[in-house]
Structure formats: structure tokens, C-alpha cells
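Novice: Pasting a structure here, questions to come.
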Amino acid sequence: MNKRSVTIKDIARQLGISYSTVSRALSPHASVLVKEETRELVRQIAADMDYSPNLMARGIVMGKTGTLGLLTYQIFQETFGNQTDQILRAAGERDYQIMLGVASNRIPKNPRDDQIMQVKQLVSWGVDGLLIHTRGDEGESERILDAVKGRVPVV
Numbered sequence: 054m055n056k057r058s059v060t061i062k063d064i065a066r067q068l069g070i071s072y073s074t075v076s077r078a079l080s081p082h083a084s085v086l087v088k089e090e091t092r093e094l095v096r097q098i099a100a101d102m103d104y105s106p107n108l109m110a111r112g113i114v115m116g117k118t119g120t121l122g123l124l125t126y127q128i129f130q131e132t133f134g135n136q137t138d139q140i141l142r143a144a145g146e147r148d149y150q151i152m153l154g155v156a157s158n159r160i161p162k163n164p165r166d167d168q169i170m171q172v173k174q175l176v177s178w179g180v181d182g183l184l185i186h187t188r189g190d191e192g193e194s195e196r197i198l199d200a201v202k203g204r205v206p207v208v
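For the sequence shown, our numbering begins at 54 and goes up steadily by one.
This is the structure:
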């Protein structure tokens, strides 16, 4: 049986305080509005209840998800592993996570269609930007930029 995720409302109920106080106590930016004693108690109860923030909800509220999409066509070459390691390190230093999309020769049979499908899926997940590692044919960049339609930055 799946256990329901703990929410800030659950923590608030446990402590008998408002969920906005819990939210402020857990936020590094707004925590100055909450007494140190309350902040510590909220964080302790959150840890005890195995709370982890809902990143999708946070992304909707904050307008950014802390996630970058990485689209590639190859994952089994050593150079890709080395490049990806560097990307992960740089992203982690800036508190970003990486979501990977791999365009291949799967269905649909046309790799270009698969690439555009992957781009659209990454954008629909709410990534803050896209890192594209492609073969580099002439029209590839245009197809990708057209699929993104300016919704997120593309590198």
C-alpha cells in the first residue's frame, strides 16, 4: 500500500500552528519571519515525519522548478558520460537537478520526431531551461527552437 506524502498542512496539524507558519519556517528565504525556536521545532517535526517538499507545487508557486532538461541522442559513449558528469556538477553547484531526455531511433521511427517529442516532454515537465547535445545537422537547431517556442532558454 502506498503511503501518502506528508504535506506542510500535516506538519501544521501536528504542531497546532498555521500551515503558512510551517511554510515560512521551512523556507530559507522567509524563515526570518518565524521565531528561531518555532523554526527549529518545525524542522525537527518535518524530519521526524519524513517530509520532503513537493517540487512540482513549488515550481508552480515560485515560477521555477530548479530543473534543467538535458536532451541527447547518445548515452553509451564515454565522452557523453564525462560531459554529463560535468553538467551534473555545475548544475548541482547552482542547486539545479537534471532531467534527461534521450532521442533515439525508437518509435516514432523518425529520430527527428523522437527528438521533438522529447523536447516537448521536457518543457511540459516545467524545466527552467534546456541543454541540447545533438548531432548538429543544419535544421536541427531550428526544429528544436520551433518546438520550444521561446518558453525556456536553450543552450
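Don't be surprised by glycine CBs; every beta carbon is placed ideally from N, CA and C.
1. Closest by CA to residue 179, which one among 119, 82, 207, 166?
2. Count the other CB atoms, across all protein chains shown, that sit within 10 Å of the CB of residue 54; report buried if there are 16 or more and exposed otherwise.
3. For a minimum of 3 consecutive residues, which ranges assigned as the beta strand (DSSP E) are wholly contained in the stretch 83-131?
4. Assign residue 205 to one of three DSSP states: helix, strand, or coil.
5. Quick one: measure Cβ to Cβ for residue 172 and residue 200, integer angstroms, because I've assumed they're closer than 8 angstroms.
6. Tell me the DSSP bridge mates of residue 170?
7. In the structure shown, what three-state DSSP assignment does residue 73 receive?
8. Since residue 182 and residue 205 are thought to touch, with beta carbons under 8 angstroms apart, how far apart are those beta carbons, to the nearest angstrom?
9. Please classify residue 128 as buried or exposed, where buried requires at least 16 neighbouring CB atoms within 10 angstroms.
10. Out of 125, 124, 176, 108, point me to the one whose CA is closest to residue 148's CA.
Specialist: Well, looking at it:
1. Cα-wise, what sits closest to residue 179 is 119.
2. Residue placement at residue 54 cannot be trusted, given a pLDDT of 48 that sits under 50; what the coordinates show is reported in the next sentence. Counting of Cβ neighbours within 10 angstroms places residue 54 among the exposed residues, the total staying below 16.
3. Entirely contained in the stretch 83-131, the beta strand (DSSP E) runs reaching 3 residues are, in chain order, 120-125.
4. When DSSP states are grouped into helix, strand and coil, residue 205 belongs to the coil group.
5. With a Cβ gap of about 5 angstroms, residue 172 and residue 200 count as contacting.
6. In DSSP, residue 170 forms no bridge with anything.
7. Residue state, collapsed to three classes: helix.
8. Contact flag correct, Cβ pair sits at about 5 angstroms.
9. Result: exposed.
10. With distances taken between Cα atoms, residue 148 lies closest to 108.
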